[in-house]
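Numbering (full-length UniProt numbering), first residue to last: 1 to 44. Ideal Cβ positions, reconstructed from N, Cα and C, are used throughout, including at glycine. Since the structure is predicted, the reported quantities are computational estimates derived from the model, not experimental observations.
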């Protein structure tokens, strides 16, 4: 058996990163929400 979660920094950034968020309308909303809330980290 193998582990389900095999972390990869590149994969994580490309899936949940800032550039990926800005590409979609809903992604932009996510970033805007987090900015409004005052999050130190907007994305991964």
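Host alpha helix (DSSP H) of residue i (start-end)
i          : result
residue 39 : No alpha helix (DSSP H) contains residue 39, which DSSP labels as neither H nor E.
Per-residue DSSP class, three states only, for residue i
i          : result
residue 3  : coil
residue 20 : helix
residue 46 : No statement about residue 46 is possible, as the shown extent of the chain runs from 1 to 44 and does not include it.
residue 9  : helix
Beta carbon of residue i nearer than 8 Å to that of residue j
i          : j          : result
residue 21 : residue 11 : no
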